[in-house]
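For the sequence shown, the numbering used here assigns the number 179 to the initial residue and increments by one for each residue that follows.
Only one structure is covered here, and it is reproduced in the block below.
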Amino acid sequence: MKTKVTNTAEYIEQFPKWKEQLEQAAILLEETDLEASIKWGAPCYGYGKRNLIGLAGFKNHCAIWFHEGALLSDSYKVLGNAQPGKTKFLRNIQLKEGEQFDTVILKEYINETIQIAKSQDKPK
């Protein structure tokens, strides 16, 4: 059973299989002015009272979640909807074993997420 974590580093340590990928995403997120916290047992990065981006490790993949991802332009067509028909705005980028995040794309999507959060009210 996983232990309760209090920060991103502790969370990542629970997923040695995905450590490199999750650390890569966390480093990019730590370079922003988003506030890091633990929500739903996983790292979450927010702006004001808005949860914007989350990291997650699973058995067969890891992911970065964009809580308002449907608002992103997704110019590289890399965002997926884990539960079509259920999730209205939530989108993610999933990695399988041996895959890496493209840091150029990830940075662009993170920055676009921040700009949307700063310029628009939270979607309903």
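Glycine included, every Cβ here is placed at the ideal spot set by N, Cα and C.
The structure displayed is predicted, hence computed values, not measured ones.
Around the Cβ of residue 295, a 10 Å sphere holds 16 or more other Cβ atoms; the residue is buried. With a threshold of 16 other beta carbon atoms within 10 Å, residue 218 falls short and is exposed. Within the same chain, and ignoring the five residues on either side of residue 204 in sequence, the residues whose Cβ sits closer than 6 angstroms to its Cβ are 186. With fewer than 16 other beta carbons inside 10 angstroms of its own, residue 191 counts as exposed.
In this structure the region 240 to 250 touches the region 280 to 297; the number of beta carbon pairs closer than 8 angstroms is three or more. Sixteen is the threshold: since fewer than 16 other Cβ atoms of the shown chains lie within 10 Å of the Cβ of residue 278, the residue is exposed. Residue state for residue 261 is assigned as coil, using DSSP reduced to three classes. Beta-bridge partners assigned by DSSP to residue 202: none are found.
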